[in-house]
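Student:
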Amino acid sequence: MNDMPRPADASEGDRFAAIVEHCEDAIISISLDGSVTSWNYGATKLFGYQAHELIGNSITRIIPEGRHSEEDAILTQISKGEIVSHFETLRVRKDGVALDISLTVSPIKDQGGRVIGASKVARDITPRKRAEGARQKLIDCSRLVGRPFLDAVVEALAEALQVRWVLLCDLHPCNPNRARVLSAWSDGGRQENFEYDLKGTPCANVLVDEACIYPANVANLFPDDALLTEMGVESYMGVPLRGSKGGSIGLLAVLNDKPIDPSLQPLETLELFAGRAAAELQRLAAASANERLGRIVEDAASETFVFDAHTLKFILVNRGARENLGYSMEELVELTPVDIKPSLTTEAFMDIIEPLRSGKKTVLHFETMHRRKNGTDYNVAVRLQLLNDDAGAVYFAAIEDTTERDAAARALRQVSQRLDTVLSNTTMSVFLMDDRQQCVYMNAAAERLTGYRFEETLGRPLHDVIHHTYPDGRPFPLHECTIDRAFPEENQVQGEDMFIHKDGSFYPVAFTASPIRDEKGKAVGTVIEVRNIAAELQAREAMANFNASLQSRVAEVMAERETVEAQLRQSQKLEAIGKLTGGVAHDFNNLLQVIGGNLQLLQKDVAGNNRAEQRVQNAISGVSRGGKLASQLLAFGRRQPLAPKAVNLGRLVRGMDDMLRRALGESVEVETIISGGLWNTFVDETRVENAILNLAINARDAMNGHGKLTIEAGNAQLDDRYTRQHPEVEAGQYVMIAVTDTGCGIPAEMLEQVFEPFFTTKPPGQGTGLGLSMVYGLVKQSNGHIKVYSETGEGTTIRIYLPRTKQAEADRPVVDLGPVRGGSETVLVVEDDDDVRATVVEILSELGYRVLRARDAASGLAIIESGVAVDLLFTDVVMPGSMQSREMARLAQERLPELAVLFTSGYTENSIVHGGRLDENVELISKPYTQEELAHRLRYCLDGRGPAKRQPTAKESETHSQPTCYKVLLVEDEVLIRMSTVDMVEDLGHTTFEAGTAREALQILEGNQIDVLISDIGLPDVSGASLIAEVQARWPAIRIIVASGLSVTEAVERYGLGNSVTWLEKPYSQADIERILGVQTEET
1 MNDMPRPADA
11 SEGDRFAAIV
21 EHCEDAIISI
31 SLDGSVTSWN
41 YGATKLFGYQ
51 AHELIGNSIT
61 RIIPEGRHSE
71 EDAILTQISK
81 GEIVSHFETL
91 RVRKDGVALD
101 ISLTVSPIKD
111 QGGRVIGASK
121 VARDITPRKR
131 AEGARQKLID
141 CSRLVGRPFL
151 DAVVEALAEA
161 LQVRWVLLCD
171 LHPCNPNRAR
181 VLSAWSDGGR
191 QENFEYDLKG
201 TPCANVLVDE
211 ACIYPANVAN
221 LFPDDALLTE
231 MGVESYMGVP
241 LRGSKGGSIG
251 LLAVLNDKPI
261 DPSLQPLETL
271 ELFAGRAAAE
281 LQRLAAASAN
291 ERLGRIVEDA
301 ASETFVFDAH
311 TLKFILVNRG
321 ARENLGYSME
331 ELVELTPVDI
341 KPSLTTEAFM
351 DIIEPLRSGK
361 KTVLHFETMH
371 RRKNGTDYNV
381 AVRLQLLNDD
391 AGAVYFAAIE
401 DTTERDAAAR
411 ALRQVSQRLD
421 TVLSNTTMSV
431 FLMDDRQQCV
441 YMNAAAERLT
451 GYRFEETLGR
461 PLHDVIHHTY
471 PDGRPFPLHE
481 CTIDRAFPEE
491 NQVQGEDMFI
501 HKDGSFYPVA
511 FTASPIRDEK
521 GKAVGTVIEV
531 RNIAAELQAR
541 EAMANFNASL
551 QSRVAEVMAE
561 RETVEAQLRQ
571 SQKLEAIGKL
581 TGGVAHDFNN
591 LLQVIGGNLQ
601 LLQKDVAGNN
611 RAEQRVQNAI
621 SGVSRGGKLA
631 SQLLAFGRRQ
641 PLAPKAVNLG
651 RLVRGMDDML
661 RRALGESVEV
671 ETIISGGLWN
681 TFVDETRVEN
691 AILNLAINAR
701 DAMNGHGKLT
711 IEAGNAQLDD
721 RYTRQHPEVE
731 AGQYVMIAVT
741 DTGCGIPAEM
751 LEQVFEPFFT
761 TKPPGQGTGL
771 GLSMVYGLVK
781 QSNGHIKVYS
791 ETGEGTTIRI
801 YLPRTKQAEA
811 DRPVVDLGPV
821 RGGSETVLVV
831 EDDDDVRATV
841 VEILSELGYR
851 VLRARDAASG
861 LAIIESGVAV
871 DLLFTDVVMP
881 GSMQSREMAR
891 LAQERLPELA
901 VLFTSGYTEN
911 SIVHGGRLDE
921 NVELISKPYT
931 QEELAHRLRY
941 CLDGRGPAKR
951 QPTAKESETH
961 SQPTCYKVLL
971 VEDEVLIRMS
981 TVDMVEDLGH
991 TTFEAGTARE
1001 ALQILEGNQI
1011 DVLISDIGLP
1021 DVSGASLIAE
1031 VQARWPAIRI
1041 IVASGLSVTE
1051 AVERYGLGNS
1061 VTWLEKPYSQ
1071 ADIERILGVQ
1081 TEET
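The opening position of the sequence shown corresponds to residue 1 in UniProt numbering, with each subsequent residue numbered one higher.
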């Protein structure tokens, strides 16, 4: 018989076999030679092998290398009939994974009792072993402290739980919604620490709950945490780190790209590490706090001493004390407090500190004297405590040097004595305050006035005694007390106020508070003179009126505050709408520029076709209306660039008389009233004229075309009272324009909306709602103020206040309205919008200009630096990229000092406009513009009325001074181009050499002296750029001209050729070659 239980009969045997087969534990039987004879389901589940794979084969297939002798020893024991119980060892699964197992082996005997094999029961103990390993890791880690401990924790967790990432974090001390990673493990190694926002992450939930487990799909559960998706995190488990008071101070989390194996007991392992990690974080925080406290104490201006409770020798003395005493720390550790207190013996000092030693007191306060190393003495106030720590009992002393305070007290006592002599019999109430604003003297009249005796007020702030409450019961804060300002401001203060009598009644007083100064002029206290003015206020009736006025003033202030807050909200609302509309208008203007420019170009193509011409003209009119709409939006948004000058609004209004009468019609009576001595104002005259016209037309519509319109212009002074009601207005001198109508008026509930864009009370199709918005934007941009007064049925008055200027009125500019003229100059167009750029280039080309183009500021500057001649830079203000147009223009004019610059934009931002006004000497044409407007502005800039017309550069002047005949090498692979170019160059009087390839060119250069090289970039053997580089290296004196069909921008970007070459763009003419070479054709 074997030692295994045997069934009683066949059916019992079948039942027993079924139990063994389906047991969760692995049950295996083997023969004495190690061959497997049975293999149950539990064995298949544990080791991965099916029964037919192992039965008949050696059991060594699941035994790792190096442990076969272990198996031999087990079989030796079994053959002796012995049992091996709970033997822990390693075995290998079919997939090669090592398992920790507990093995119980029993002998199998035949009926004769002979051992014929062994029965093995194997149980997986891998999770337990790993948990034990983790605990051992924790034990090992616990020997460490600080950063090494934290790093060891994340490494141990990554190994124990087989995860890719581990985070150990604390909370940011200034922002509890942000975590600081103190140690991190990532893919087998430590990672740099970092910070991250907790919102939207699983870590945020960890800090609220005990633990958070997300076994799968965690990235989808937290879509706002982009890092989870980026890292490919699938599972997450985290536990909070709890402080001693139970609150969360950090977290410990593991993350993996597959589910975390639950058999590894991850939560138990995390919690095991979390407790020790939390304790270490608190220890580190306490150490940091102690270190910081030590630094604070050391650097404190007050004196601090720590001395031994038994020997009384100093242990620690801070810098403030060492510097005041004049001793080094090495000297002080040999001294005791008695050594620096000349008035005390050791016995006397021990008597003083006896209450601390006996425990009768925990803190002692006393005053004494300290002696410095140099023999001088100073008075001190001492605060002494007896403390116990791990190192033993010590005394802690905080010392205040009272030298200045004592001097101030002496000065006050002297003043008090003198005052007491003088003021004891006066009827004026007098109070004396020290440097802490505490009462140190009051005369008999003051006692009668307040109802308090001097002893009741001594050492108390006077404000807290008789001035602490308003008559309406509200507390009276010290910082609002006028009397209290005299000492800190070191200035005399006078006024009237209400004091509180001891019996609780209020009485009116007049007071004067003056600082008291010592012989050095330093304020050491305050003297306050007070007299009762109740009789002057006519007793009870006057007092009642006074209280009523106070209450009325409170209500008035509250009402004013509500009004001001409402005005501020409306102002902020209009500012926000302005920013939005300004941005929309910018993009809208670019679109209008493309449409308008192409329509103007199209006009010539449809000339003679009346129907088409009419349609194009209608479209152009639509673009014009759109431009006006965008201009109004920009004006409201304060993005419309202004060109302000000193203007007399009286002259402006008189000059508008005919225009207004034509615009308003005969049924509207117009009256203008101009005050004498009208000041000038600094505004954009055209914009103000449009604003007045807008207001007049609005007034006409409000009167249904019949009524009276009054326009007034006068000087105005807005004072502080007005600005308190309108906080956005600055007090000062203004020029006022008022437009008054006799129309229907504006309902009160609509007054706040009248300046909002698109708000109108007119029927659909009869107004855009932008007229008043444009006026509002212009006034605000001009640092002015606008106010509407209206009553339903009575009419409306709109008053505009524009700041006064003392400048004389500027001469009015002469506008060129002559016929459109083009030119032959070279214009560089820099515009990031492809459609706008293409349209502008075509318009300029039709006007006869030679046009270069660039899509951004960097490309435009590269063209300038390439050496190509440019007469005018025409650039958009708003540019993509790091370089803006203003910077590009500055650098371009540094290279070409006479270069004219014209800016354009639908939205100027702040590059050439500051405070809403164009910078000095800046020319701007606003989008959308017509071909005629652009033509006039270009001629204005090029003909000397704007920035000066470009003159030849120093390099070109040098070229003109050189010999008139050059030896020119032309390198061009296109035969026809080469032939025609040679003819043009020779007609100009130069000698030519021809080459079709770079190799031919080099041969010519080696055998001839060449002055100028003209080369194409695209050559059949090597690029022209390579040829140019070699020529510049070997023959630096040769002038290089690049002839190419590429644009300058493309050539610079592609080949990197800089300003050492001159560009000749194909197709070119003989005049272009003549200009580039810098000589005149000789007449024959």
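Yeah, the Cβ is synthetic: ideal placement off N, Cα and C, and Gly gets one too.
It should be emphasised that the depicted structure is a prediction, and the values quoted were computed from it without experimental measurement.
1. Please return the same chain residues whose Cβ sits closer than 7 Å to the Cβ of L891, not counting the five positions on each side in sequence.
2. Mind checking whether T482 and D497 have CB atoms under 8 Å apart?
3. When we look at the beta-carbon of I1039 and count the other beta-carbons within 10 Å, is it buried (16 or more) or exposed?
4. Give me, in chain order, the residues of the same chain whose beta-carbon lies closer than 7 Å to that of A731; leave out the 5 immediate sequence neighbours on both sides.
5. Of all the beta strand (DSSP E) runs that stay within the bounds of the stretch 409-490, which reach a length of 3 or more residues?
6. Quick one: any contact between the stretch 301-310 and the stretch 178-191, if contact means 3 or more CB pairs under 8 Å?
7. Excluding sequence positions up to five away, which residues of its chain have a Cβ less than 7 Å from the Cβ of R945?
8. For F903 and R164, what's the separation of their Cα atoms in angstroms?
9. Which complete beta strand (DSSP E) runs does the stretch 38-115 hold, if anything under 3 residues is left out?
10. Is it right to say D871 is buried, meaning 16 or more other beta carbons lie within 10 angstroms of its own, or is it exposed?
11. For K708, which residues does DSSP report across the bridge?
12. Could you give the DSSP three-state label for D308: helix, strand or coil?
13. Measure from the alpha carbon of D658 to the alpha carbon of each residue in G677, E323, E689, then state which is nearest.
14. Closer than 8 Å is the cut-off here; do at least three beta carbon pairs connect the stretch 414-433 with the stretch 353-361?
15. With burial defined as no fewer than 16 other Cβ atoms inside 10 Å of the residue's Cβ, what is the status of Q538: buried or exposed?
16. If you drop the 5 nearest sequence neighbours on each side, which residues of the same chain put their C-beta closer than 8 Å to that of E1083?
17. For the stretch 412-427 against the stretch 317-331, are there 3 or more C-beta pairs whose distance is under 8 Å?
18. Would you call the stretch 281-289 in contact with the stretch 243-256, where contact means no fewer than 3 C-beta pairs closer than 8 Å?
19. So, with DSSP's three-state summary, where would you put P176?
20. Using 8 Å as the threshold, is the C-beta distance between L75 and L103 below it?
21. From A156 to F314, what distance separates their C-alpha atoms?
22. Start and end of the alpha helix (DSSP H) containing residue 1101?
23. Can you give the Cα-Cα distance for T797 and Y789, rounded to whole angstroms?
24. Less than 8 Å between the C-beta atoms of L709 and A716, yes or no?
25. In angstroms with no decimal places, state the Cα-to-Cα distance between G525 and Q807.
26. Name, in chain order, the residues that DSSP records as bridge partners for I28.
27. Which partner residues does C1008 have in the DSSP bridge list?
28. Can you pull the DSSP bridge partners for V382?
29. Sorted by chain position, which residues of the same chain lie with C-beta nearer than 7 Å to T44's C-beta, five sequence neighbours on each side aside?
30. Mapping the DSSP letters down to three states, classify D835 as helix, strand or coil.
31. So is Q962 buried or exposed if we call it buried at 16+ other beta carbons inside 10 Å?
32. Count the C-beta pairs between the stretch 82-93 and the stretch 103-114 that are closer than 8 Å, then say yes if the count reaches three, no if not.
33. Which runs of the alpha helix (DSSP H) at least 4 residues long sit entirely within the UniProt domain "PAC" (493-545)? Give them in chain order.
34. According to DSSP, is G777 helix, strand or coil?
35. Assuming A160 and G133 form a contact by the criterion Cβ under 8 Å, report the distance between their Cβ atoms to the nearest whole angstrom.
36. Name the DSSP beta bridge partners of I125, please?
Tutor: Quick answer:
1. Within the sequence shown, residue 891 is the residue found at index 891, counting from 1. For L891, where only same-chain residues beyond five positions count, the Cβ hits under 7 Å are L861.
2. The residue you call residue 482 lines up with position 482 of the sequence shown. The residue you call residue 497 lines up with position 497 of the sequence shown. Yes, these two residues count as a Cβ contact at 8 Å.
3. What you label residue 1039 is simply residue 1039 of the sequence shown in a count that begins at 1. First, the residue type needs correcting, since residue 1039 is Arg and not Ile in the sequence shown. The residue is buried, with at least 16 neighbouring Cβ atoms inside 10 Å.
4. As a first step, residue 731 must be located in the sequence shown, where it is residue number 731. Within the same chain, A731 has close Cβ partners L718, D719, D720, T723.
5. 429-433, 439-442
6. no
7. The residue labelled residue 945 in the question sits at position 945 within the sequence shown. Caution is warranted here: a pLDDT of 43 is assigned to R945, below 50, making its placement in the model unreliable, and no coordinate value can be reported.
8. By one-based count along the sequence shown, residue 903 stands at place 903. By one-based count along the sequence shown, residue 164 stands at place 164. One C-alpha to the other measures close to 58 Å.
9. 84-92, 98-109
10. For the purposes of this step, residue 871 is taken as residue 871 along the sequence shown, with counting starting at 1. D871 should be labelled buried.
11. Here residue 708 refers to the residue found at position 708 when the sequence shown is read from its first residue. Per DSSP, E669.
12. Position 308 of the sequence shown holds residue 308. D308 falls in the strand class under three-state DSSP.
13. Against the sequence shown, residue 658 aligns to sequence position 658. Cα-wise, what sits closest to D658 is E689.
14. no
15. Indexing the sequence shown from 1 puts residue 538 at position 538. Exposed: under 16 other Cβ atoms inside 10 Å.
16. On the sequence shown, position 1083 is the one that residue 1083 refers to. In this prediction, E1083 has a pLDDT of 33, which is less than 50 and means its spatial position is unreliable; what the coordinates show is noted afterwards. Cβ within range, chain order: n/a, list empty.
17. no
18. yes
19. As a working mapping, residue 176 is identified with position 176 in the sequence shown. P176: strand per DSSP, three-state reduction.
20. The residue labelled residue 75 in the question sits at position 75 within the sequence shown. The residue labelled residue 103 in the question sits at position 103 within the sequence shown. Their beta carbons are not under 8 Å apart, which means L75 does not touch L103 by this criterion.
21. Here residue 156 corresponds to residue number 156 of the sequence shown, with the count starting at 1. Here residue 314 corresponds to residue number 314 of the sequence shown, with the count starting at 1. About 47 Å.
22. An answer regarding residue 1101 cannot be provided, because it is not within the stretch 1 to 1084 covered by the chain.
23. By one-based count along the sequence shown, residue 797 stands at place 797. By one-based count along the sequence shown, residue 789 stands at place 789. One C-alpha to the other measures close to 5 Å.
24. Mapped onto the sequence shown, residue 709 falls at position 709. Mapped onto the sequence shown, residue 716 falls at position 716. Not a contact, by the Cβ cut-off of 8 Å.
25. Stepping through the sequence shown from its first residue, residue 525 is reached at position 525. Stepping through the sequence shown from its first residue, residue 807 is reached at position 807. Each residue's alpha carbon lies about 51 Å from the other.
26. Counting from 1 along the sequence shown, the entry for residue 28 is found at position 28. Looking at the DSSP assignment, I28 forms a beta bridge with W39, K120.
27. Mapped onto the sequence shown, residue 1008 falls at position 1008. Note that residue 1008 is Asn in the sequence shown here, rather than Cys. DSSP, once it has assigned bridges, lists no residue as partnering N1008.
28. As a position in the sequence shown, residue 382 is number 382, starting the count at 1. V382 pairs with F366, I399.
29. What you label residue 44 is simply residue 44 of the sequence shown in a count that begins at 1. The answer, listed in chain order, is Q50, A51.
30. Start at 1 with the first residue of the sequence shown, and residue 835 comes out as number 835. It is helical.
31. Your numbering for residue 962 matches position 962 in the sequence shown. Confidence at Q962 is low in this model, with a pLDDT of 44, below 50, so the placement of that residue should be treated as unreliable; the coordinate-derived value is given next. Exposed is the call here.
32. yes
33. none
34. Looking up residue 777 in the sequence shown gives position 777. Helix.
35. By one-based count along the sequence shown, residue 160 stands at place 160. By one-based count along the sequence shown, residue 133 stands at place 133. About 6 Å separates the two Cβ atoms, so the contact holds.
36. Within the sequence shown, numbered from 1, the residue matching residue 125 stands at position 125. DSSP lists no partner for I125.
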